[in-house]
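Undergrad: Okay, here's the structure, questions in a sec.
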Amino acid sequence: MGYNFVFTDADIMWFRDPFPRFHHDADFQIACDHFIGSSYDLENRPNGGFNFVKSNNRSIEFYKFWYSSQEVYPGYHDQDVLNFIKIDPFIIDIGVEMRFLDTVNFGGLCEPSKDLN
């Protein structure tokens, strides 16, 4: 299949090992600019600067769809395109398990915190 991977922007700082905090049942996990309270809630606002992906047929099809959807939404940032497609029926059809990472452990400037635990 390939490799599972963590993608992180260069301006992300890790204060601890993120792997114990990932959801073991998810194919695609992404940090949030705004976290609603549930890792399943599609109203969460993803932040493409940090994600963890398991390599499998579902995640491969998901990335192909995400990439090709950029032609449907020309001029939009890939993060915006993800916001558009995360509710697309194709995502349900391929069965990709998408989870949003809680800003308590995967915080950013949009939801600042002084808690480094």
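FYI, our numbering numbers position 16 of the sequence shown as 154, with every residue one higher than the one before it. Beta carbons: idealized from backbone N, C-alpha and C, even for Gly.
Hey, quick one: how far does the beta strand (DSSP E) through residue 191 stretch, first residue to last?
TA: If you number the sequence shown from 1, residue 191 lands on position 53. Here the beta strand (DSSP E) through residue 191 covers 183-191.
Undergrad: Where do the N-terminal and C-terminal ends of the alpha helix (DSSP H) with residue 210 fall, by residue?
TA: If you number the sequence shown from 1, residue 210 lands on position 72. It spans 195-210 - the alpha helix (DSSP H) in which residue 210 sits, taken as one unbroken run.
Undergrad: Whole angstroms are fine: how far does the CA of residue 151 sit from the CA of residue 181?
TA: As a first step, residue 181 must be located in the sequence shown, where it is residue number 43. As a first step, residue 151 must be located in the sequence shown, where it is residue number 13. Looking at the two C-alpha atoms, the distance is approximately 25 Å.
Undergrad: Along the alpha helix (DSSP H) that carries residue 232, what are the first and last residues, could you check?
TA: Here residue 232 refers to the residue found at position 94 of the sequence shown. From DSSP, the alpha helix (DSSP H) with residue 232 extends over 227-232.
Undergrad: What does residue 143 pair with, by DSSP beta-bridge criteria?
TA: One-based indexing of the sequence shown puts residue 143 at position 5. In DSSP, residue 143 forms a bridge with 191.
Undergrad: Could you tell me whether the segment 167-175 touches the segment 208-216, where touching means 3 or more Cβ pairs closer than 8 Å?
TA: No, because fewer than three Cβ pairs between the segment 167-175 and the segment 208-216 fall closer than 8 Å, the two stretches do not touch.
Undergrad: Considering Cα atoms alone, identify which of 232, 233, 237 and 242 is closest to residue 164.
TA: Sequence index remark: in the sequence shown, residue 164 carries index 26 (1-based). Of the listed residues, the one whose Cα sits closest to residue 164 is 237.
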